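Everything on this sheet refers to the single structure shown next.
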Amino acid sequence: MQLTCTEIRAETRDVNTYLFTASQPIEFIPGQFLPLQVEVDGASHSRCYSLASIPGDAHYALTIKRVDNGLVSNFLADNTKVGDKFSVMPAAGEFHYQHAESGKLLMLSAGCGITPVYSMLRARLLADPQADIVFIHSARTPQDRIFVKELEHLADDYPNLKLRWVVSQDAEQGQSQGMLDARMLLSLATDIRERRVLMCGPQGYMEAAHGWFDSLGVDPEQVFQEAFAAPQSDSEAVGGEGHTLTVGDKQVAIDADQSILEALEKEGLPIFAACRSGVCGSCKCQGEGDKLERSSVSTLTAEELEQGFFLACASKATGDMAVTLP
């Protein structure tokens with residue numbers, strides 16, 4: 197499947213929205229991402245980017261932030277132009293509209309994490325114009341907010357949508373306005389325990405949010421999320437000199453601090469990894485559960501974990517192990 201860029205919109209100083217047409221219709225659920233394949237210096241790289249659009253839109257929209265040392269995101273920001281073509285894999289991701297299609301919602305986002313939440317918001321309002329929704333977005337400055345006009349238009353059109361911006365630093369006013377915390381959250385959503393929570397943002401934001409929910413008595417079963425990167429493992433770092441992975445008839449040496457994905461890629465073995473952060477599940481392999489240190493299992497079922505499946509990008513080996521590639 198191929199995308200063709202038709203427009204590039206600057207959202208903030210470091211965030212662009214890229215609009216595309218596709219060589220064939222793309223089936224997706226609002227909130228899902230597309231694994232985009234980008235050639236950089238002659239090498240193909242895949243990254244997952246959430247769709248800001250919803251089914252039925254004239255274009256497929258990917259909103260992408262420039263990040264420090266971000267090979268693909270920075271290449272796109274510096275080089276992409278209208279008419280450029282990119283290969284793309286089918287849409288994927290478990291953080292999507294099925295969690296948002298009923299009940300009262302609290303939608304939280306920070307930074308570029310707004311993208312999948314915004315898509316789900318649009319889909320819910322289209323299906324249920326009377327939906328009771330509190331939408332809170334956090335940004336460093338007013339200029340760092342994303343989809344400002346679009347969200348404020350929605351808030352004007354749907355009185356049942358309560359839109360709140362939380363800005364930690366107003367550069368024009370030269371003063372700090374504070375960051376979102378449990379007290380502020382409760383003041384903005386006084387009935388928070390009655391709402392299903394959908395959120396996406398940087399890892400630090402997500403970790404802080406779970407602390408707020410605990411203090412406010414929010415049921416963890418009512419919280420659904422997607423993070424930009426895999427959560428860090430709580431287990432101690434693996435020590436020793438490394439181990440050996442057996443992949444078919446090939447022996448692969450892996451250092452103690454290497455991810456299994458890094459070791460496999462170094463040997464040129466055929467493994468596809470889109471997000472590289474324990475979110476999309478594209479690098480799922482099978483090994484031995486008692487010889488793994490996993491930092492993310494977000495796309496794996498309990499049965500798969502029992503059978504030794506793991507995400508290569510978010511796993512390290514704690515012993516010699518046979519690995520079956522997808």
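522 is the number that our numbering gives the last residue of the sequence shown; the numbers go up by one with no jumps. Don't be surprised by glycine CBs; every beta carbon is placed ideally from N, CA and C. Model, not experiment: these values are computed from the prediction.
Straight-line gap, residue i to residue j (C-alpha atoms, nearest Å)
i    : j    : result
F216 : V234 : 14 angstroms
P312 : Q228 : 7 angstroms
S219 : M197 : 6 angstroms
N356 : Y245 : 29 angstroms
G474 : L322 : 31 angstroms
S429 : D353 : Any reading at S429 must be qualified, since the residue scores a pLDDT of 41, below 50, and its modelled position is unreliable; the value itself is stated next. Near 44 angstroms, if we compare the C-alpha coordinates of D353 and S429.
A433 : I456 : With a pLDDT of only 37 at A433, under the threshold of 50, the placement of this residue in the model should not be trusted, and no figure is reported.
P325 : R318 : 10 angstroms
E422 : W361 : 20 angstroms
H406 : L376 : 12 angstroms
T442 : C479 : 17 angstroms
I450 : Q503 : 22 angstroms
M395 : P221 : 28 angstroms
A513 : A498 : 20 angstroms
N241 : S269 : Note that residue 241 is His in the sequence shown, not Asn. Cα to Cα, the separation comes out at about 11 angstroms.
R243 : G289 : 13 angstroms
D280 : L272 : 10 angstroms
G464 : K446 : 11 angstroms
V330 : E500 : 36 angstroms
R320 : E458 : 40 angstroms
L267 : G400 : 22 angstroms
S188 : L199 : Lying before the first or after the last residue shown, residue 188 is absent from the chain, which here runs from 197 to 522.
A385 : A351 : 16 angstroms
F291 : G444 : 34 angstroms
A239 : Y214 : 22 angstroms
Which listed residue (the options) has its alpha carbon closest to that of residue i
i    : options                   : result
A404 : A306, R341 and A385       : A306
V363 : G374, N356 and D353       : G374
K487 : H439, P466, S334 and R472 : H439
C201 : V330, L301 and V284       : V284
D264 : D453, V211, E502 and Q339 : V211
E207 : M303, A335, F291 and L267 : A335
M380 : F282, M395, R320 and F409 : F409
L521 : C481, P226 and G309       : C481
N275 : V236, T259 and F331       : V236
L302 : D445, A498, V419 and A459 : V419
I342 : A351, S511 and I310       : I310
V393 : L304, L465 and G400       : L304
I204 : V278, E463, P338 and T337 : V278
L460 : C308, F282 and M517       : M517
D328 : S315, G299 and D340       : G299
R209 : A248, P251, L199 and K261 : K261
V519 : E290, R243, A288 and V448 : V448
M402 : H333, S383 and D340       : H333
P231 : P286, Y314 and T213       : P286
P338 : L382, L496, K462 and D366 : D366
D453 : G397, K462 and S511       : S511
L496 : K358, G477 and E484       : G477
Endpoints, beta strand (DSSP E) assigned at residue i
i    : result
V268 : V268 -> not in any beta strand (DSSP E); alpha helix (DSSP H) instead, spanning L267 to N275.
A257 : Y256 to K261
L230 : F229 to V236
A239 : A239 to S246
K446 : K446 to I450
A513 : S511 to A513
I456 : That residue, I456, is in no beta strand (DSSP E); its alpha helix (DSSP H) goes I456 to K462.
Q482 : K480 to Q482
A206 : Q198 to T208
V519 : Element bounds for V519: n/a, residue is neither H nor E.
F216 : V211 to A218
S283 : K281 to V284
H439 : H439 to V443
L507 : F505 to L507
Run of the alpha helix (DSSP H) containing residue i, from where it starts to where it stops
i    : result
K487 : K487 -> no alpha helix (DSSP H), and no H or E assigned at all.
E500 : A498 to E502
Length-filtered (3 minimum) beta strand (DSSP E) runs lying within the segment 370 to 399: 392 to 397
contact_flag[the segment 244 to 256, the segment 481 to 501] where n(CB pairs < 8 angstroms) is 3 or more: Cβ pair count under 8 angstroms is below three, so no.
Length at least 4, wholly inside the segment 300 to 361: the alpha helix (DSSP H) runs in chain order: Look at the segment 300 to 361 and you find these whole runs of alpha helix (DSSP H), each 4 residues long or longer: 310 to 323 and 344 to 353.
Given 8 angstroms, three or more beta-carbon pairs between the segment 467 to 476 and the segment 493 to 508: Under the three-pair Cβ rule at 8 angstroms, the segment 467 to 476 counts as touching the segment 493 to 508.
Validate contact between the segment 378 to 389 and the segment 410 to 417 using beta carbons, cut 8 angstroms, 3 pairs: yes
At least three beta-carbon pairs within less than 8 angstroms, the segment 280 to 298 to the segment 340 to 351: no
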